[in-house]
Amino acid sequence: MIDLAGRRAVVTGAGSGIGRACAHRLAMAGAHVLVVDIDAEAAAKVAAEISGTPVVADLSEPDFVRAIPSGTDIVVNNAGFQHVAPIEEFPPEVFSKILKVMVEAPFLLVREVLPGMYERGWGRIVNISSVHGLRASPYKSAYVTAKHALEGLSKTIALEGAPHGVTSNCVSPAYVRTPLVENQIGAQAGTHGIGRDEVVEQIMLAPAAVKRLIEPEEVAELVAYLCGPHGSFMTGTSLPIDGGWTAR
Ligand SMILES: NC(=O)c1ccc[n+]([C@@H]2O[C@H](COP(=O)([O-])OP(=O)(O)OC[C@H]3O[C@@H](n4cnc5c(N)ncnc54)[C@H](O)[C@@H]3O)[C@@H](O)[C@H]2O)c1
34 MIDLAGRRAV VTGAGSGIGR ACAHRLAMAG AHVLVVDIDA EAAAKVAAEI
84 SGTPVVADLS EPDFVRAIPS GTDIVVNNAG FQHVAPIEEF PPEVFSKILK
134 VMVEAPFLLV REVLPGMYER GWGRIVNISS VHGLRASPYK SAYVTAKHAL
184 EGLSKTIALE GAPHGVTSNC VSPAYVRTPL VENQIGAQAG THGIGRDEVV
234 EQIMLAPAAV KRLIEPEEVA ELVAYLCGPH GSFMTGTSLP IDGGWTAR
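Residue numbers (this note's numbering): 34 to 281.
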């Protein structure tokens, strides 16, 4: 049993995919969840499903932190997006935006909530990294850079937060069945002139030993574990859910 009754959680990018699953799982454990997303309709819908609070914010704008309450106990840094292009064609402004949303926003958010967590002597930071926080793939320079940076940020938070009862960990999945991946499947099918099933089997699942996509709920379960009582000694780690990808 993971009991988070009375805890106040913030999940970024909670309008879809992994973030939505995390919001649902934390709410099921009793936490009140702030559903943060740039997509107002999605944020409102998920918040209504879990009796949470929607917050419409663009994480590439640093002042989003004004919407974050100082009484936050749990942060799931999840919002993100992908852009696939060779480095010589990668738009610099997209590279910069990926780093803003996926590295600077987690830093700003954690910077905002840590003082309150330190005062209360309890806090949980879970950073949704990726197998691409641990391994590289071609054509994903910004995403791979951002996720490797997030892994470093997470470890630093762990070291600073430990004396104050705050843990910080990365959860690092391979391909999860979400809109982000569904879009990549479509794009790659077009680029390679092959079917969607072939993209999944021949390209996405090639490095993994377990030949299926991960479900968002499987990621959310690990996030809930890290926030619950049994996760209290786990900090500064990166937990791959990658079907054996990084075993190679
Ligand atoms: N899907 C995968 O295979 C996979 C694998 C490993 C890691 N991840 C990571 O998990 C996280 C969630 O991915 P997902 O697959 O659920 O994607 P998704 O596209 O389903 O959801 C991402 C959410 O983030 C929101 N978002 C994007 N930019 C934002 C911004 N600037 N401000 C506020 N909200 C913003 C979107 O509106 C969306 O609701 C990302 O960090 C992603 O890198 C995904």
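We treat Cβ as the ideally placed atom computed from N, Cα and C, and that holds for glycine.
**Q.** Start and end residues, alpha helix (DSSP H) containing residue 216
**A.** 212 to 225
(Q) In chain order, what are the residue ranges of uninterrupted beta strand (DSSP E) at least 3 long that sit wholly in the region 66 to 102? (A) 86 to 89
Q: Using only alpha-carbon positions, find the residue among 182, 154, 152, 159 that is nearest to residue 166.
A: Of the candidates 182, 154, 152, 159, the one whose C-alpha sits nearest the C-alpha of residue 166 is 182.
Q.
Could you tell me the alpha carbon to alpha carbon distance between residue 221 and residue 215, rounded to whole angstroms?
A. 10 angstroms
Q) In chain order, what residues of the same chain have a beta carbon less than 8 angstroms from the beta carbon of residue 132, not counting five sequence neighbours either side? A) 175, 178, 179, 182
Q. With residue 283 and residue 90 assumed to form a contact (beta carbons below 8 angstroms), what rounded beta-carbon distance in angstroms separates them?
A. Residue coverage of the chain in this structure runs from 34 to 281, which leaves residue 283 outside it and unanswerable.
Q: Using the Cα positions of residue 229 and residue 152, report the straight-line distance between them to the nearest angstrom.
A: 50 angstroms
Q. Is it right to say residue 104 is buried, meaning 16 or more other beta carbons lie within 10 angstroms of its own, or is it exposed?
A. exposed
Q: Please list, in chain order, all residues of the same chain as residue 218 whose beta carbon is under 8 angstroms from its beta carbon, the five residues on each side excluded.
A: 229, 232, 233, 237
**Q.** Buried/exposed call for residue 243, threshold 16 Cβ in 10 Å
**A.** exposed
Q.
With H, G and I counted as helix, E and B as strand and the rest as coil, what does DSSP make of residue 163?
A. coil
Q: Could you check the C-alpha separation between residue 270 and residue 194 for me, to the nearest Å?
A: 14 angstroms
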